[in-house]
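Sequential numbering of the sequence shown, starting at 695, is according to the working numbering.
We put the beta carbon where it would ideally sit given N, CA and C, even for glycine.
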Amino acid sequence: MCSDRKAPSLRRRIVAMSLCAGALILFLTGSLILAVSQLFMTAERRGLITRIANDLAQEYAEASGDKKKMRHFFEEIAEEHGADKVSLLITSAAGEEIVSMCHSDAILRAMLAHARRNVPEYRISKESAAPRRRRNVLRVKTTELPDGRRLSVGCDVANDESYIAFLATIIGCSLLVSLLLGGWAADLLARRFIRSLRNVSDAANRIRDGEWSVRVAPSRESREIALLEDAFNTMCDRNEKTIRELRTLTDDIAHDLRTPLTRLRTAAEFAAMGGQLKTPLSEMVFEQSSDMLELINTMLEISQTGCRVDNTPRENIDFCTFLRETADLYSTVVEDHGLSLALALPPEPVVFSGHKGRLQRLIGNLLDNAIKFTPKGGVISVSLADGADVLTLRVADTGCGISPRDLPNVFRRFWRSDASRSLPGNGLGLALVKAIVTSYAGFVTCESEQGRGTVFTITLPH
Ligand SMILES: Nc1ncnc2c1ncn2[C@@H]1O[C@H](COP(=O)(O)OP(=O)(O)O)[C@@H](O)[C@H]1O
Ligand SMILES: [Mg+2]
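In structure tokens, the structure reads:
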């Protein structure tokens, strides 16, 4: 189910954002090119006008303002720069025409009007008369001559302006084309990117619908997508494993509770029908319910001790004394089974901060197993080594051992080897050992050789 169908699609967002970013960059670049070109051309035209004005002012001074000579100079400048490119005018201080050379009357009139108003720099745009109707655009500069008259120099900038307009059109067109291409490329990329995301969401939906084995095929689209796919697949693997384990666990619990309950019910039924039981019913109820209670308590302890580091208050325990006491407790059982128990402990006390009860259950389970799986005449050895940061406890026996095939299963809840099913137990002892060791941030390993014995090594940081 989509949580927000109204939210804009990622593809549209990517395309829109790419278009906006592209348009902004292109617009700024285009404007910069236009502005620089405009500035460059204006500076050049201004330079030309100033040069002509200076030359003419000098000639004017040399000719003492003679009209004929000035006209001659005007013609020379027109010849040099093109008659239709420059317009020249000298007016009296009142703005009356003295001498001029303009390539249309309309321009002359406009220049006179500006000269009268005494505007230093201006722009004239006039259409020339038929048959060559063409727009004349002039940049004009008026300077005052030493005798009070005014000199106006105009330069045609129509070509410059049409060049700028042409440049603007080209930039506009390329902006449009670039935007179209950019939008298309962004859409293409967005589609590929979204396809990979869809694969992940499709897989998630299929898993939600019960297809636990579905995984995302690597799309190799990008590193980030690959990381997402990897993380998704790893998460699914873990979830699937946990769910399978939980299922097995529930089945095992149900199975282990069913046997004593069935026995109890059968015995109760038999007694109710007046049958004679070998063991009195009350004794049987006590035995079977104790077994069930032990199973449930151990299950609870495993889950409470959990697979996590524990922070409940601890007490300082001397591990050597603790092991000696535990060995004493077990000495009778060990002897009864025709076994011997050897202790190898360091001479100095080894202080460990932990919970006595929990540690007793840990050693107790390992010793129980060693006693249970070691035939008469065997030896059980318990040793302790104190390292800089860790203490290492080893419980070894010379018993039947565990086959390499079974070795990876020993710490699984309810797992028991086929050979040990006939012996008392519920398959929770080693799972509890592992949970306790984990609660102290330690490690437990098991090495075994079939027919020769088993060694459990526990490393606890202290
Ligand atoms: N010292 C040992 N020697 C041989 N097999 C062992 C030893 N310890 C454990 N195992 C195997 O691991 C299984 C699980 O042990 P555990 O969890 O203590 O369950 P339980 O003792 O109730 O059978 C045992 O049933 C047995 O098959
Ligand atoms: Mg056991």
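- Task: Provide the residue(s) that pair with C1140 in DSSP beta bridges, ordered along the chain.
- Result: F1150
- Message: Let's test the definition: count the other Cβ atoms within 10 Å of the Cβ of T1153 and tell me whether it reaches 16, buried, or not, exposed.
- Response: buried
- Query: Would DSSP call I1074 helix, strand or coil?
  - Reply: strand
- Task: Taking 8 Å as the cut-off, decide whether the C-beta atoms of L845 and L726 are in contact.
- Result: no
- Would you mind working out which of F926, A1090 and S1047 sits nearest A898, comparing C-alpha positions? F926
- Could you check the C-alpha separation between M929 and R885 for me, to the nearest Å? 26 Å
- Query: With respect to the beta strand (DSSP E) encompassing S794, which residues constitute its N-terminal and C-terminal limits?
  - Reply: E791 to M795
- So what does D1012 bridge to, in DSSP terms? V1045
- Which of the three DSSP states, helix, strand or coil, is assigned to E915? coil
- What is the chain-ordered set of residues for which the beta carbon lies under 7 Å from any non-hydrogen atom of ligand 2? N1059, D1062, N1063, K1066, G1119, G1123 and L1124
- Query: When DSSP labels each residue in this structure, what does L1053 get in the three-state scheme?
  - Reply: helix
- the stretch 1056–1071 touching the stretch 1087–1103, judged by at least three CB pairs closer than 8 Å: yes
- Task: With hydrogens ignored, establish whether the beta-carbon of S1111 is closer than 7 Å to any heavy atom of ligand 1.
- Result: yes
- Message: Does the beta-carbon of G1095, which I'm using as the reference point, lie nearer than 7 Å to any heavy atom of ligand 1?
- Response: yes
- Curious, which full-length alpha helix (DSSP H) runs of at least 4 residues does the stretch 929–1009 contain? 975–999
- Message: Within 10 Å of its beta-carbon, does G1051 have 16 or more other beta-carbons around it, so buried, or fewer, so exposed?
- Response: exposed
- Message: Would you call the stretch 809–818 in contact with the stretch 828–845, where contact means no fewer than 3 C-beta pairs closer than 8 Å?
- Response: yes
- Message: Taking 8 Å as the threshold (C-beta atoms), are L1033 and L1078 in contact?
- Response: no
- So who's on the other strand from S1034, going by DSSP bridges? V1073
- Report the three-state DSSP secondary structure of M695 (helix, strand or coil). Reliability fails at M695, whose pLDDT of 47 lies under 50, so the model's placement of it is uncertain and no value is given.
- Message: On the CB-based measure, 16 or more other CB atoms within 10 Å of its CB, does M967 come out buried or exposed?
- Response: exposed
- Query: So, helix, strand or coil for P702, using DSSP?
  - Reply: coil
- Item | Identified DSSP bridge partners for N830 | K820
- Message: For a quick check, are the C-beta atoms of V1104 and I1096 less than 8 Å apart?
- Response: yes
- Which value, in whole angstroms, describes the spacing of the CA atoms of C696 and S703? Interpretation of C696 is limited by its pLDDT of 48, a score under 50 that renders its predicted location unreliable; the figure taken from the coordinates is listed afterwards. Answer to the nearest angstrom: the Cα atoms are 12 Å apart.
- Message: Within a Cβ cutoff of 8 Å, which residues of the same chain sit near A717, ignoring the five residues on either side of it in sequence?
- Response: L869 and L873
- Task: Just the C-alpha distance for L987 and E918, rounded to the nearest angstrom, thanks.
- Result: 51 Å
- Task: Can you say whether A880 is buried or exposed, counting buried as having 16 or more other CB atoms within 10 angstroms of its CB?
- Result: buried
- Message: Looking only at its chain, what residues have a beta carbon closer than 6 Å to the beta carbon of E1141, apart from the 5 residues adjacent to it on each side?
- Response: V1149
- Query: Heavy atom of ligand 1 less than 7 Å from the Cβ of D1091, yes or no?
  - Reply: yes
- At which residue ranges does the stretch 1084–1118 contain complete beta strand (DSSP E) runs of 3 or more residues, listed in the order of the chain? 1084–1091
- Query: If you draw a straight line from the C-alpha of E738 to the C-alpha of C849, how long is it?
  - Reply: 11 Å
- Between the stretch 706–720 and the stretch 790–800, do three or more beta carbon pairs fall short of 8 Å? no
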